[in-house]
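S.K.: Taking the working numbering, I'd label the letters of the sequence shown as residues 4 to 236. Note that the Cβ used here is the ideal one computed from N, Cα and C, for glycine as well. One structure coming up, written as structure tokens, with questions to follow.
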Amino acid sequence: SHLRLVVSIAREYGDTGMDFLDMIQEGNLGLIQAVDRFDPERGVRLSTYARFWVRQAIGAALEKYSQMIRVPVHLFRAIIRFQRLKANFGAGEFEQIAELTLAPGLTLERVKQVERTLREFVSLDLPVGEGEEDTLEELIPDERIPLPEREALRELFREDLLEMVNRLPARDALVLRLRYGLDGAPPRTLAEIGRQLGITRERVRQLEVRALKRLKEAWGREALEFYRRLIQD
């Protein structure tokens with residue numbers, strides 16, 4: 004699925020402080036652009052072509068985010084490169100490469116320092132805007148009101164997750180579908196599933212743990228946790 008491509012690219016940017024779901028949403032907009040512009044007669048695969056548009060969309064969103072939190076764009080770009088190198092190279096090796104890509108006047112230690120700062124909690128009382136009269140909290144939409152984009156993305160990822168779940172052994176797949184409401188029904192408790200299947204609550208828990216472990220091995224822990232959070236949010 005090309006949606007998994009968006010998740011994979013978003014993970015390359017690491018912990019820049021921007022919410023992972025927001026990065027996915029921006030990347031999804033880039034994917035839509037790629038699909039609209041794609042010409043199969045050029046002999047290039049859509050997944051290869053889409054990578055450029057997804058990275059461009061996420062990168063633009065990250066630059067806007069850097070302005071909101073008062074981090075200079077050139078420094079924020081260095082942090083993004085640092086995170087991507089760290090995700091693709093071994094310990095030590097990525098630092099040597101990162102030093103070669105830094106803009107003049109920047110040091111690797113400075114990049115690391117700001118990166119650590121971005122990981123910290125950003126106060127919702129942080130003043131934002133030109134006049135700094137508003138706060139970050141006032142600009143964040145009420146998460147209790149589902150946004151159309153969030154609902155559409157949730158449904159796409161639910162289908163994607165369900166496809167992966169259905170590749171598991173039949174009983175494992177059934178437990179996850181019931182436990183997380185992947186078939187559209189309300190999520191069930193361990194006890195409810197146990198009664199339906201005629202097994203103990205503990206046995207249901209064991210099946211759930213085993214099934215989630217298999218999914219983590221196939222997708223990676225971070226991607227699975229993101230998908231689970233999205234469909235339950």
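Starting from the Cα of residue 199, find the closest Cα among 216, 181 and 39 and give me that residue.
M.R.: Comparing Cα-Cα distances from residue 199 to each of 216, 181 and 39, the minimum goes to 181.
S.K.: Measure how close the beta-carbons of residue 210 and residue 174 come, nearest whole angstrom, since I'm counting them as under 8 Å.
M.R.: Sure, about 6 Å apart at Cβ, within 8 Å.
S.K.: Taking the Cβ atom as the reference point for each residue, do residue 190 and residue 197 lie within a distance shorter than 9 Å?
M.R.: Not a contact, by the Cβ cut-off of 9 Å.
S.K.: Below 8 Å, is the gap between the Cβ of residue 187 and the nearest heavy atom of the ligand SAM?
M.R.: With respect to the ligand SAM, the structure shown offers nothing to examine, as it has no ligands at all.
S.K.: Check each candidate in 219, 24, 217 and 10 and name the one with the smallest Cα separation from residue 53.
M.R.: Selected option, being the one with the closest Cα: 10.
S.K.: Suppose contacts are defined by Cβ-Cβ distances below 9 Å. Is residue 8 in contact with residue 57 by that definition?
M.R.: Cβ distance < 9 Å, so residue 8 and residue 57 count as in contact.
S.K.: Considering residue 44, what are the terminal residues of the alpha helix (DSSP H) in which it resides?
M.R.: From DSSP, residue 44 is part of no alpha helix (DSSP H); its letter is neither H nor E.
S.K.: Do residue 6 and residue 34 have their C-beta atoms within less than 9 Å of each other?
M.R.: In this structure, residue 34 lies closer than 9 Å to residue 6 by Cβ.
S.K.: Residue 197 lies in the alpha helix (DSSP H); which residues open and close that run?
M.R.: Element bounds for residue 197: 193–200.
S.K.: Which residue comes first and which comes last in the alpha helix (DSSP H) that contains residue 183?
M.R.: 173–183 is the extent of the alpha helix (DSSP H) around residue 183.
S.K.: Relative to the C-alpha of residue 214, which candidate in 29, 165, 203 and 59 has its C-alpha closest?
M.R.: Cα-wise, what sits closest to residue 214 is 165.
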